[in-house]
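Visitor: The structure is given below, and queries will be raised subsequently.
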Amino acid sequence: MEKYSVVFLPDDIKVEVDAGISLLEAARQAGIHVKSTCGGKGTCGKCTVKVTEGKISGGQGNIPKDLKEQGYILACNAMVESDLSVEIPMEFRLHEHQVFLDDQQEGIVSEGKLDILGDFPLNALAKKISLELPPPTLTENASDYARLITELKKHMATERLTVSNAVLKTLPDILRAGDWKITVTIADLEEGQEIVRVTSGQDDAPAYGVAIDVGTTTIAVTLIDLSSGAVVARQGTYNRQADFGDDVITRIVYADENNGTEKLQQVVMETINDLLNKIFEEQDISMEEIPVAVVAGNTTMSQLFLGISPKYIRLEPYIPAASQYPIVKAKDLGLSINPEGMVLSFPAVASYVGGDIVSGTLVAEVAKHEELTLFVDIGTNGEMVLGNQDWLMCCACSAGPAFEGGGIAYGMRAMAGAIERVAIDKETYHVAYKTIGDTPPVGICGSGLIDCLSKLREAGIIDRSGKMQDLDIPGIKRGDDGPEFILAFAAESGIDQDIVITESDIKNLIRAKGAIFAGVRIMLSMADMPIEAIDKILIAGGFGNYLNVPDSVRIGLLPDLPAEKYEFIGNSSLKGAQLALLSKEAFRYAEEIGRSMTYLELSIGNAFMDEYVSALFLPHTDFSLFPSVQI
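Numbering (the UniProt record's numbering), first residue to last: 1 to 631.
Structure, rendered in structure tokens:
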């Protein structure tokens, strides 16, 4: 096949590609990640580039009029027909996210008990044991492995101990190199124990484990000292699968239509391995020192992590491949820990309530207390759990990617330059904002969008349906698709363009918040309980940590309950994975939680749609549900 060279500017990165591939794929091959909310369907208008030299075919689609007039095209459907030079402005690229990893280091408290463990015992999924074996003689001639097992039995129960051929091949030389003094690393799982590594001499370093949260938008990794429970290191970034679409549906479609399951598995593994390599370099340890990893993610992310096609998740009756996942060796996944290391995945409940929610429910102890708790994780999907020690129910609302910046004209993820806080003067309509990193604004992220929607309503700029009221208000202008309100003028922005929120953006946000609140109402209705019966609301996830609760109540996203009932618990998916690393009993209990949850399929019947339609106003059609909000 004919090859052409493509040079990407301003990076001056050159890549040779096959004729006929898209500029979006060429950029991926060059290691440049371009925004593509719709997964390359030509509908989101985010993958905007300019060809400065050469010939392409296609490139048309949903491009803002002003950009089209400047010669911009869509990378997803622009095909390479010659050698090219292509300019990709920084505002159309994916950059490092602000990933919430928690500042505190979980560790030993004064009572000698780990904070994160709660009532669970410290019984980690891996351990290291130093041994000195008696050397063989002509009369005492047991095999090397039998000698090892005999000595191990003096230190631990070994009824179901196994060893791989790869480890066994190294054993004779290691025993003799260490003069029969060795350190054995064992994965100590509920299903049995396996020797993962044997090294010569006495190794005083602890056994380590890796906790991994595979989110649709972001990925976070922590390195845990399994003997003390301390978090040794942490890293996070965006999930590079975002190159193939912002939400799980676009990725499922890509996996199905492009035979892309293997590609998406490879991309998520590359993202995780890069984070692991940063940790290993920072801590001066090797991948061989990691015998175990625990992974939490939603059902689609978990299946893609394991290389399982998720295509039936989006097809009625919405059935995942599995709810309980097998333990897999790291070498079979390409995960950069010890190749013989064990990888455990949190169980799923259903197609759209996955291991991340089970992990969060575990660490939040929802099922351990009498008080009625609402656990909410707001991200690309809105997933929630309602219940207590007696019962648990859960559901997932298709909120869409609006709170992650998807489908919003200047929406973006939480990166440098994203507007994250908004205030609007009710008299002058002057906008004050705060950006991540205190840099000039280049867009607006989820927390800023919620602030903005609340403040627009409070200032009277929009009505309860989200329609802009008075087109003579300073800051409102006519855009290509209707009225829009200027949040930052071109002169102060970092992209030399006005940053606006459009009436269409506002409608998208109202639909997203309506879906989440409707999900809460449906669960309460099924339990025959009023909103006031909720004793505690736990807000999980990185986005949740930056959520402004009063504004979220004002727009009708969250229930109108006293502020003291709300609690932010950070990345509960990652914390649950850490807890499971430290306690076999905790992981076993998580499996019980997954089996005990009642899943509500919201697509059945009209109840959800009725609640959803009622929630498509600010804050709601039923004023009595929001008594503290001034209408």
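Ideal Cβ placement from N, Cα and C applies to all residues, glycine included.
1. For my contact list, residue 382 and residue 402 are in at a C-beta cut-off of 8 Å; report their separation, rounded to the angstrom.
2. What residue range does the beta strand (DSSP E) around residue 208 cover?
3. May I have the straight-line CA-CA distance separating residue 353 from residue 513, to the nearest angstrom?
4. Can you list, in chain order, the residues of its chain with a C-beta nearer than 7 Å to that of residue 253? Leave out the 5 residues immediately preceding and following it.
5. Count the other C-beta atoms from every protein chain shown that fall within 10 angstroms of the C-beta of residue 55, then say buried if there are 16 or more, exposed otherwise.
6. Assign residue 28 to buried or exposed, taking buried as 16 or more other Cβ atoms, counted over all protein chains shown, within 10 Å of its Cβ.
7. Could you compute how far the alpha carbon of residue 420 sits from the alpha carbon of residue 455?
8. Identify whether residue 578 lies in helix, strand or coil by the three-state DSSP scheme.
9. I need the DSSP call for residue 358, collapsed to helix, strand or coil.
10. Quick check on this structure: which residue in 244, 619, 462, 579 has the alpha carbon closest to the alpha carbon of residue 346?
11. Who are the Cβ neighbours of residue 616 in its own chain at under 8 Å, not counting the five residues just before and after it?
12. Among 77, 342, 337, whose alpha-carbon lies nearest the alpha-carbon of residue 191?
13. So which of 427, 51, 23 has the shortest CA-CA distance to residue 42?
14. Can you have a look at residue 389 and say buried or exposed, based on whether 16 or more other CB atoms are within 10 angstroms of its CB?
15. Find the nearest neighbour of residue 302 within the set 284, 241, 214, judged by alpha-carbon distance.
16. Could you compute how far the alpha carbon of residue 368 sits from the alpha carbon of residue 93?
17. Alpha carbon to alpha carbon, how far is residue 120 from residue 586?
18. Could you check the C-alpha separation between residue 107 and residue 226 for me, to the nearest Å?
19. Under 8 Å, do residue 335 and residue 272 count as touching if we go by C-beta distance?
20. What is the DSSP secondary structure of residue 626, reduced to helix, strand or coil?
21. DSSP three-state call for residue 53: helix, strand or coil?
22. Out of curiosity, what's the CA-to-CA distance linking residue 62 and residue 32?
23. Mapping the DSSP letters down to three states, classify residue 258 as helix, strand or coil.
24. Closest to residue 475 by C-alpha separation, out of 624, 445, 432, would be which residue?
25. Rounded to whole angstroms, what is the Cα-Cα separation between residue 453 and residue 240?
26. Can you list the beta strand (DSSP E) stretches of 3 or more residues lying completely in the region 381-468, in chain order?
27. Report the residue from 153, 498, 365 whose alpha carbon sits nearest the alpha carbon of residue 129.
28. For the beta strand (DSSP E) that contains residue 343, what are its first and last residues?
29. Between residue 534 and residue 443, how many whole angstroms is the CB-CB distance? I'm expecting something under 8 Å.
30. Could you tell me if residue 207 is buried or exposed, where buried requires 16 or more neighbouring beta carbons within 10 angstroms of its beta carbon?
31. Counting Cβ pairs, one atom from each stretch, are 3 or more of them under 8 Å apart for the region 178-190 and the region 132-146?
32. With residue 67 and residue 4 assumed to form a contact (beta carbons below 8 Å), what rounded beta-carbon distance in angstroms separates them?
33. Rounded to a whole number of angstroms, what is the C-alpha to C-alpha distance between residue 309 and residue 295?
Guide: Put simply:
1. The sequence position of residue 382 within the sequence shown is 382, counting from 1. The sequence position of residue 402 within the sequence shown is 402, counting from 1. Incorrect: roughly 11 Å between the Cβ atoms, too far for contact.
2. Residue numbering aside, residue 208 sits at position 208 when the sequence shown is read from its first letter. Where residue 208 is concerned, the enclosing beta strand (DSSP E) stretches over 208-214.
3. As a first step, residue 353 is located in the sequence shown; it is residue number 353 there, counting from the start. As a first step, residue 513 is located in the sequence shown; it is residue number 513 there, counting from the start. About 18 Å.
4. Position 253 of the sequence shown holds residue 253. Same-chain partners within the cutoff: 39.
5. Taking the sequence shown and counting its residues from 1, the one referred to as residue 55 is at position 55. Exposed is the call here.
6. The residue given as residue 28 occupies position 28 in the sequence shown. The residue in question, residue 28, is buried, as its Cβ has 16 or more Cβ neighbours within 10 Å.
7. Position 420 of the sequence shown, counted from the start, is the residue given in the question as residue 420. Position 455 of the sequence shown, counted from the start, is the residue given in the question as residue 455. Rounded to the nearest angstrom, the two C-alpha atoms are 13 Å apart.
8. Taking the first residue of the sequence shown as position 1, residue 578 is located at position 578. If DSSP states are grouped into helix, strand and coil, residue 578 belongs with the helices.
9. Walking along the sequence shown from the start, residue 358 turns up at place 358. Three-state result, residue 358: helix.
10. Working through the sequence shown from its first residue, we reach residue 346 at position 346. Nearest option by C-alpha distance: 579.
11. What you label residue 616 is simply residue 616 of the sequence shown in a count that begins at 1. Once the five neighbours on either side are set aside, the close Cβ partners of residue 616 are 465, 510, 511, 514.
12. Here the question's residue 191 lines up with position 191 in the sequence shown. That would be 342, whose Cα lies nearest to the Cα of residue 191.
13. Within the sequence shown, the letter at position 42 stands for residue 42. Closest by alpha carbon: 23.
14. As a working note, residue 389 is residue 389 in the sequence shown. Looking at its Cβ environment, which holds fewer than 16 other Cβ atoms inside 10 Å, residue 389 is exposed.
15. For the purposes of this step, residue 302 is identified with residue 302 of the sequence shown, where counting begins at 1. Checking every option, the nearest Cα to that of residue 302 belongs to 214.
16. Within the sequence shown, numbered from 1, the residue matching residue 368 stands at position 368. Within the sequence shown, numbered from 1, the residue matching residue 93 stands at position 93. Going from the Cα of residue 368 to the Cα of residue 93 covers about 44 Å.
17. Counted from its first residue, the sequence shown places residue 120 at position 120. Counted from its first residue, the sequence shown places residue 586 at position 586. C-alpha separation (whole angstroms): 6 Å.
18. Stepping through the sequence shown from its first residue, residue 107 is reached at position 107. Stepping through the sequence shown from its first residue, residue 226 is reached at position 226. Confidence at residue 107 is low in this model, with a pLDDT of 40, below 50, so the placement of that residue should be treated as unreliable; the coordinate-derived value is given next. Answer to the nearest angstrom: the Cα atoms are 11 Å apart.
19. On the sequence shown, position 335 is the one that residue 335 refers to. On the sequence shown, position 272 is the one that residue 272 refers to. In contact: residue 335 and residue 272 (Cβ atoms closer than 8 Å).
20. Working through the sequence shown from its first residue, we reach residue 626 at position 626. Three-state DSSP puts residue 626 in coil, outside helix and strand.
21. Along the sequence shown, read from residue 1 onward, the residue named residue 53 stands at position 53. Of the three classes helix, strand and coil, the one that applies to residue 53 here is strand, per DSSP.
22. Counting from one through the sequence shown, the residue named residue 62 turns up at place 62. Counting from one through the sequence shown, the residue named residue 32 turns up at place 32. Each residue's Cα considered, the two are about 22 Å apart.
23. As a first step, residue 258 is located in the sequence shown; it is residue number 258 there, counting from the start. If DSSP states are grouped into helix, strand and coil, residue 258 belongs with coil.
24. Walking along the sequence shown from the start, residue 475 turns up at place 475. Per the Cα distances, 432.
25. Along the sequence shown, read from residue 1 onward, the residue named residue 453 stands at position 453. Along the sequence shown, read from residue 1 onward, the residue named residue 240 stands at position 240. Whole-angstrom Cα-Cα distance: 29 Å.
26. 382-387, 392-397, 418-424, 431-435
27. Looking up residue 129 in the sequence shown gives position 129. Nearest C-alpha to residue 129: 153.
28. The residue given as residue 343 occupies position 343 in the sequence shown. It spans 342-345 - the beta strand (DSSP E) in which residue 343 sits, taken as one unbroken run.
29. Here residue 534 refers to the residue found at position 534 of the sequence shown. Here residue 443 refers to the residue found at position 443 of the sequence shown. Not a contact, Cβ separation roughly 34 Å.
30. The residue you call residue 207 lines up with position 207 of the sequence shown. So residue 207 counts as buried.
31. yes
32. Here residue 67 corresponds to residue number 67 of the sequence shown, with the count starting at 1. Here residue 4 corresponds to residue number 4 of the sequence shown, with the count starting at 1. Their Cβ separation, rounded to whole angstroms, is 25 Å, which puts residue 67 and residue 4 out of contact at 8 Å.
33. In the sequence shown, the residue the question calls residue 309 occupies position 309. In the sequence shown, the residue the question calls residue 295 occupies position 295. The straight-line gap from Cα to Cα measures roughly 18 Å.
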